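Residue numbering for the sequence shown follows our numbering, beginning at 3 and increasing consecutively.
C-beta atoms are modelled at their ideal positions from N, C-alpha and C, and glycine is treated no differently.
Values in this document were obtained by computation on a predicted structure and should not be read as measured data.
Notes to accompany the following structure.
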Amino acid sequence: MPSFTPAELTLFLTALLAALVNGALGYGFSSITVPVALGFVANRVLNPALVLLELVLNLASLFLNRRSLPAVWRRMLPLMVGLLPGVIVGGLFLTMVAAVVLKAATYAVLLPLILLQAAGVRWPIRNERTIGVPFGLGLGLLYSTTTISGPPLALLLNNQGFAQDEFRAAIALIRVAESSLTLVTYLFLGLYGSSSLGLFWLLLPAVVIGLPLGRVLLRRVSKDAFRRLCMGVDAALVSVGLGFALQQLGWIDRAVSYAVTAAIGGFIVGSAWQRFLLLRKNQVTSS
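Written out as structure tokens, the structure is:
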């Protein structure tokens, strides 16, 4: 029976939870895995491993939702066109920036996106073709730098009138495209080494186990409640990670870090309570 170090066990369990969430919602693997994993490994080691994992995960998701592809693929084309230049620029950025700076930037970009989702923000886009290419460019830049694209994708697609299976198919299609392009870019830049490949093989079983379990879980719980719970936990992890990264850079002290984390926690609790009151009001009105 293989033995794990404490760090390896933490990374494996985190990936298992993240795969479960991804199986249920159609996204969320990187946004949960990255905040924890950056406490153990640098972006240059973590990103190549996660890109390989997400290619496997999203190909599986695309296969499971293949029946909905005819309804969504044309709408996703402009976005996919914008991915390529963004992925290339992001890959170059990854090789040029100091690890701790990139870590802080990853957290800083991720946190507001998660908070927007936790707050239930709605952002409908009328002209998808117009916004598709620039949105795809920004998405490719974000993904190849951080391996995270689920939160902005969900913010866009949650408000575009997709059915649940269509939503999953659209996200899987975009993420297969971005992970494939990023994989090629990373190979060209020579970012794949023994450390990244070892991390990939460590986490792959967690993805294989967690993805189907997540699909089963969604049938038993409210999707909206589960999504908000996941985003709340994710925001807490990211805020703690951001605080530690900024302390390493010497930009803030420990007291400020704790204050920011507490404020974010209060925001999450307040949003959850507001949603609870709204649901109760709707139930009373309907009865």
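Look at threonine 7 here: in three-state DSSP terms it is coil, with no helix or strand label. Taking C-alpha positions only, leucine 206 is separated from serine 241 by approximately 27 Å. In the structure shown, isoleucine 211 adopts helical secondary structure according to DSSP, grouped into three states. A Cβ-Cβ separation of about 6 Å places valine 23 in contact with glycine 216 under the 8 Å criterion. With a cutoff of 9 Å on beta-carbon distance, leucine 85 and isoleucine 173 are scored as not near each other. If the five residues before and after valine 178 are omitted, its C-beta is found closer than 8 Å to the C-beta atoms of Leu57, Asn60, Leu61, Leu64, all from its own chain and listed in chain order. Between proline 50 and tyrosine 188, the beta carbon gap of about 5 Å places them in contact (Cβ cut-off 8 Å). Here phenylalanine 190 is exposed. Its C-beta has fewer than 16 other C-beta atoms within 10 Å. Separation of leucine 183 and alanine 156 (C-alpha to C-alpha, rounded to the nearest whole angstrom) is 20 Å.
Short of 6 Å from the beta carbon of valine 210, and not among the five residues preceding or following it, lies no beta carbon of its own chain. Distance from alanine 208 to serine 70 at the Cβ level is roughly 26 Å; contact not present, criterion being Cβ atoms closer than 8 Å. With a contact defined as Cβ atoms closer than 8 Å, leucine 251 and alanine 106 qualify at about 6 Å. For tryptophan 75, the uninterrupted alpha helix (DSSP H) run begins and ends at 71-98, by DSSP. With contact defined as three or more Cβ pairs closer than 8 Å, the segment 130-139 and the segment 26-41 are not in contact. With a cutoff of 9 Å on beta-carbon distance, threonine 16 and alanine 39 are scored as near each other. Separation of leucine 143 and valine 135 (C-alpha to C-alpha, rounded to the nearest whole angstrom) is 12 Å. Apart from the 5 residues on each side of it in sequence, proline 214 sits with its Cβ closer than 8 Å to the Cβ of Gly25 in its chain, given in chain order. With contacts defined by Cβ atoms closer than 9 Å, valine 74 and glutamate 168 form a contacting pair. Phenylalanine 95 places its beta carbon less than 9 Å from that of threonine 147.
Annotated three-state conformation of tryptophan 253 is coil, per DSSP. Counted as a single uninterrupted DSSP element, the stretch harbouring asparagine 67 is not any alpha helix (DSSP H), since DSSP gives it neither H nor E.
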